[in-house]
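Scroll down for the structure; my scribbles are underneath it.
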Amino acid sequence: MSHHTSRRNFLKSLCHSAAAIAFSGSAVGGRRNLSETSAGKPNIVLMFVDNIGYGDWGCYGNKVVKTPRIDRFAREGVRCTDFYIGSPSCMPSRGALLTGRHPLRNGLNEQLWKIDEHKQIALRHSEVILPRYLAKAGYVSGCFGKWNLGFAPGSRPTDRGFDEYFGNISGNCDYYTYIYNSRNDLHRGTKPTKAEGYSTYVFADAACEFIERNKDRPFFCYVPFNAAHFPNPKNKPPGMPCLWQAPDEAFARYGYSPETLDERKRYRAVLTALDDGIGRVLDKLDRSKLTDKTIVILLSDNGAFLIPARGMECASNYPLRAGGTTLWEGGIRVPCIVRWPGRIRPETVCREPLVSMDFVPMALRAAGLDLPTNRYLDGKDPTAALAGESPSPHKYLYWRWGSNSAAIRMGRYKLAREKQSTNQDWQLFDLETDIGETANLRAAKPKLAERLIAEHERWEKDARSGR
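Our numbering puts the first residue of the sequence shown at 0, with every later residue one more than the last.
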């Protein structure tokens, strides 16, 4: 591949907070000494992909897209059918994932759209994220890819507990030039940097290098790929085409020309290149004989965006309703696969309702750490549910988004109020019989609806307290 040719140019053309001080026994920017308490702790690899739809991968029913490495990974662990994200938009979703706290509770319940988001605090500094917890158990942590949680002093990854950071700091960037709104978005640590190559592969390779350097100690490797974020015209010079970007070899797997203007074909190539990038990380664990010692989690930050006016009808949330930025199932139910050799049986399916915030308590327990007593975690350890040993640890799952969107799930039932709907009142659905949320049962089950409304109001009041 040579993206320096004219044809390829045409197509591609965190000051510390009080919370940080509380954990200051661990170094933030340098390597830590491996403590005796770290012996036998599993490594943790968390791969967080961007805007991937529920129906985008072969293991979730897509018959066209080529994702063999992800499909194999699904057979090696547990594939979740009813897995949710904390928010339908990427910035609050990332805050929820790393804090284990609902966006309404951690204070980051909106997408900060300002162009200068690299100067923003975003996730407030009093919040503690996963790598700072894991440092207490002797883990070294690295982040490779899309940060999107603010880059003001105190907000940067290495300010918040990561020992290393390499990636794009904003919500998206060009896949080859790393440009966001006419400026370089790629950083190493706290400083701007440059890189050559396709971002999915560059971030995957950086993660592999981190694994190699730390293979003899417990590590947390967070890989938030920027793929498959939709192309953004802000990242292109005026007059340049704004198209999905992928390496030539990804197009060749389908027999497509890299110059095709068919956005569906281009999106499939992006998915296949992402599959290759994920495969690089998994293969590195295999070659390093770390597979049996490592928990690997793969999930999307929200559902795929389905906005015809912006040309984003390429992805698939089938069979779910709508997509990203909504609280319909297509916006918040996402593909999620977990592999934990010796704890979770391979070739299994988990149908229990779980949520991304669950991975913080899961990681803490796996590392032999107690859950924090100075703050409430909305996440609950999902390990037994993932292993098929118990039902979901949640009686209810809750969402609150934007000015008027809200939802609550209890078992098979979901109550939702969606501001982007023609009916903006509460609607009730039976997800076991109506996964597409087409039949409003509120009139047929008024007592159930009122019970769920009251429960959501109780929860919202508590979450807004920030405890």
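All C-beta atoms in this analysis are idealised placements derived from N, C-alpha and C, irrespective of residue type, glycine included. This one's a predicted model, so the numbers in the text were calculated from it and none came from an experiment.
| Item | Value |
| --- | --- |
| N-terminal and C-terminal residue of the alpha helix (DSSP H) that V269 is part of | 262-286 |
| Contact test: N61 Cβ vs the ligand ATP heavy atom, cutoff 7 Å | Ligands are entirely absent from the displayed structure, and the ligand ATP is therefore not among its contents. |
| S404 versus E417 - alpha carbon distance | 5 Å |
| DSSP beta-bridge partners of F150 | Its beta-bridge partners do not exist; DSSP assigns none. |
| Beta-bridge pairing of N42 - partner residues as DSSP gives them | T293 |
| DSSP state of R30 mapped onto helix, strand, coil | With a pLDDT of 39 at R30, under the threshold of 50, the predicted position of this residue should be treated as unreliable, and no value is reported. |
| Whole beta strand (DSSP E) elements within the stretch 312-366, 3-residue minimum | 335-338, 347-349 |
| Own chain residues within Cβ distance below 7 Å of G188, not counting five before or after | T157, Y164 |
| Coil, strand or helix - V64 by DSSP | coil |
| Sub-8 Å separation of S198 and Y177 beta-carbons | yes |
| Range covered by the alpha helix (DSSP H) that runs through I407 | Run containing I407: none in the alpha helix (DSSP H); it sits in the beta strand (DSSP E), 404-409. |
| Beta-carbon gap between E459 and R399 smaller than 8 Å | yes |
| Euclidean distance between Cα positions of S464 and R374 | 11 Å |
| Alpha-carbon to alpha-carbon, G166 and T432 | 42 Å |
| Whether G329 touches Y59 by CB criterion (8 Å) | no |
| At least 3 beta-carbon pairs within less than 8 Å: the stretch 92-107 vs the stretch 314-329 | no |
| Separation of K379 from Y83, as counted between CA atoms | 13 Å |
| C-alpha gap between L440 and E454, whole angstroms | 18 Å |
| Residues bridged to I178 (per DSSP) | N183 |
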